[in-house]
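Numbering (the UniProt record's numbering), first residue to last: 1 to 78.
For every residue, glycine included, the Cβ atom is placed at its ideal position computed from N, Cα and C.
Please read all numbers here as calculations on a predicted model, not as lab measurements.
Presented below is the structure to which this report refers.
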């Protein structure tokens, strides 16, 4: 298994809420930024806006780690 950085499209999960005279952007309950002007956003590190889509840089686990392929889970050894 290895961990890689991957750009995930989160556009469908981003919600905008008005507060303090501005449009704040949220991913679930986390504030990720705010709208500055049309198609211009001030986003936290790890988030970006490109071609009308919001993206999040996330650590993604991919594939089994080759050094642990022959594990004997029943006896508890690798």
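Alpha carbon to alpha carbon, what distance is there between residue j and residue i?
i, j, result
"residue 41", "residue 14", "13 Å"
"residue 17", "residue 62", "35 Å"
"residue 4", "residue 49", "21 Å"
Could you pull the DSSP bridge partners for residue i from this structure?
i, result
"residue 24", "17, 34"
In the DSSP assignment, the beta strand (DSSP E) including residue i goes from what residue to what residue?
i, result
"residue 58", "53 to 62"
"residue 48", "47 to 50"
"residue 40", "40 to 43"
"residue 3", "2 to 9"
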